[in-house]
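Structure first, then comments.
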Amino acid sequence: MKSLRLAVIGGGVIGAKHAELISNYRGVDLVGISDIDQSVNSLADQYKVAFYNELEDLLLTQRPDGVIISVPNSQHQTVARICAKHKIHMLIEKPIADSIESADRITEIAESEQVHVLVGHHRRHSSLVKKTKDLIDDNDFGRLIGVSMLWALYKPEDYFEIEWKRKKPGGGPLFINLIHEIDLLRHLCGEIVEVYAKASSETRKFEVEDSMVISVEFASGALGNIFASDSSASPWSYELTTHENKYYYPVDENCYYFLGSKQSLSFPKMELWNYENTESSGWQYPIKKSSNLSDEVDPLVEQLKHFCDVIKGNALPYVSCRDAKKSLAVVLSIIESIEKKLPVTISK
């Protein structure tokens, strides 16, 4: 069977990771890398593929079946328009765009040119996340009452040597990191209808936030909260607790808690709590814990596999433009809530 031809657009940290994954994946050929930064040429040399400063040159010369777009959020629409014009399917890194208007335009362009767009909310491809959704959706869990999330770790000082990470818009943990948590909340618990958030930059004194607390209400009536900080000496975050990315120091802790009327679940240790006897429920009765771990997979590899299926016409995007736009809308509403110091209803 003929190998799929994939190219990477944007050779930063995540673009380099995608290049590595493609080069190690059977049935797929990395055919080129494009970036306006000439220094990214070294990444192309590493994988022995052609480097292009001009995106059009890559598309016309290599004619890839699909591209992975990992440029800054503000450039997603421009790059997507060029790729769609050439009838090339796309995996666009999260968030889909930096504005609702831009997200809408990407959707319109893709539909007009009849190309597929998969948005890179890769954690949805995690076996732990899929198992979590199965457990929460099961009738045995009962009604979802609430969820509590912690995203608290310490980013090293050299992380902020790149100026845009200290500046608005685009810098700060909300857009860079918490878009993951927001997307998982929607995916696991249903649509979010209202948010109320407060943020602080008192620890690092940067223009962007370093800590924040977010209250959410779901369409089902369930409630949730997120405490987030990139300046706390703590391990309670998806990155450190799931052990997915070997860059982060692994810890055996939980970071999310899902609370139901019949059962409750901790993540990622997948500890399910319920009363031994459903006829005797209450704080004076025994409550037991059981483990529900599943085989671990690399969600980035699973996402690449799924993208290949999308290109071949064997699957529709697991995270579509319209789906990803809803996660972006929640993040933008959180920003609005912080600025106005008021609860904000999410526009439908």
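For the sequence shown, the working numbering gives the first residue as 75, with consecutive numbering after it. C-beta atoms are modelled at their ideal positions from N, C-alpha and C, and glycine is treated no differently. Source: prediction; values computed, not measured.
**OP:** For the segment 93–102 and the segment 170–181, state whether three or more C-beta atom pairs, one from each stretch, are separated by less than 8 Å.
**Re:** no
**OP:** Using only alpha-carbon positions, find the residue among Ile83, Ile88, Val405 and Leu406 that is nearest to Asn319.
**Re:** Ile88
Original post:
Can you list the beta strand (DSSP E) stretches of 3 or more residues lying completely in the segment 315–396, in chain order?
Top reply: 330–334, 338–341, 345–349 and 361–365
Subject >> Distance between beta carbons of Ile219 and Leu333, contact taken as under 8 Å >> reply: Between Leu333 and Ile219 the beta-carbon gap is near 5 Å, inside 8 Å, which marks them as a contact.
Original post:
How should Thr315 be labelled, buried or exposed, when 16 other C-beta atoms within 10 angstroms of its C-beta is the threshold for buried?
Top reply: buried
Subject >> Start and end residues, beta strand (DSSP E) containing Glu235 >> reply: Where Glu235 is concerned, there is no enclosing beta strand (DSSP E), given that its DSSP letter is neither H nor E.
Subject >> Trp238 versus His261 - alpha carbon distance >> reply: 29 Å
Subject >> Residue environment, Asp208, which counts as buried when at least 16 other CB atoms sit within 10 Å >> reply: exposed
**OP:** Express the C-alpha separation of Lys379 and Lys386 in angstroms, rounding to a whole number.
**Re:** 11 Å
**OP:** Under 8 Å by Cβ, that's how I've got Ala273 and Ser285 pegged, so tell me the actual separation to the nearest angstrom.
**Re:** The C-beta distance from Ala273 to Ser285 rounds to 7 Å, short enough to meet the 8 Å contact threshold.
**OP:** Over the uninterrupted beta strand (DSSP E) stretch that includes Ile166, give me the two end residues.
**Re:** His163 to Glu167
**OP:** Would you kindly work out how many angstroms separate the C-alpha atoms of Glu255 and Ala124, rounded to a whole number?
**Re:** 36 Å
Original post:
Are the CB atoms of His20 and Glu376 nearer to each other than 7 Å?
Top reply: Outside the shown range of the chain (75 to 422) lies residue 20, about which nothing can therefore be said.
**OP:** Could you spell out the range, first to last residue, of the beta strand (DSSP E) harbouring Arg100?
**Re:** Run containing Arg100: none; DSSP gives neither H nor E here.
Original post:
In chain order, what residues of the same chain have a beta carbon less than 7 Å from the beta carbon of Ala403, not counting five sequence neighbours either side?
Top reply: Only residues of its own chain outside the window of five on either side were considered, and among them Ile174, Ile420 and Ser421 have a CB closer than 7 Å to the CB of Ala403, listed in chain order.
Original post:
Are Val105 and Arg79 touching if we call contact CB-CB under 7 Å?
Top reply: yes
Original post:
Pro373 and Leu192: beta carbons closer than 7 Å?
Top reply: no
Original post:
Quick one, are the C-beta atoms of Gly298 and Val290 less than 7 Å apart?
Top reply: yes
Original post:
Contact between the segment 363–371 and the segment 244–251: three or more CB pairs below 8 Å?
Top reply: Contact between the segment 363–371 and the segment 244–251 is absent, because fewer than three Cβ pairs lie under 8 Å.
Subject >> Residues near Phe280 by beta carbon distance below 6 Å, same chain, minus five either side >> reply: Arg240
Subject >> Rounded C-alpha distance that separates Ser355 from Phe301 >> reply: 30 Å
Original post:
Looking only at its own chain, which residues have a Cβ that is under 6 Å from the Cβ of Asn348, when we skip the five neighbours before and after it?
Top reply: Gln337
Subject >> Run of the alpha helix (DSSP H) containing Asp118, from where it starts to where it stops >> reply: First, the amino acid is wrong: residue 118 is Ala here, not Asp. Counting along the chain, the alpha helix (DSSP H) containing Ala118 begins and ends at Asn115 to Gln120.
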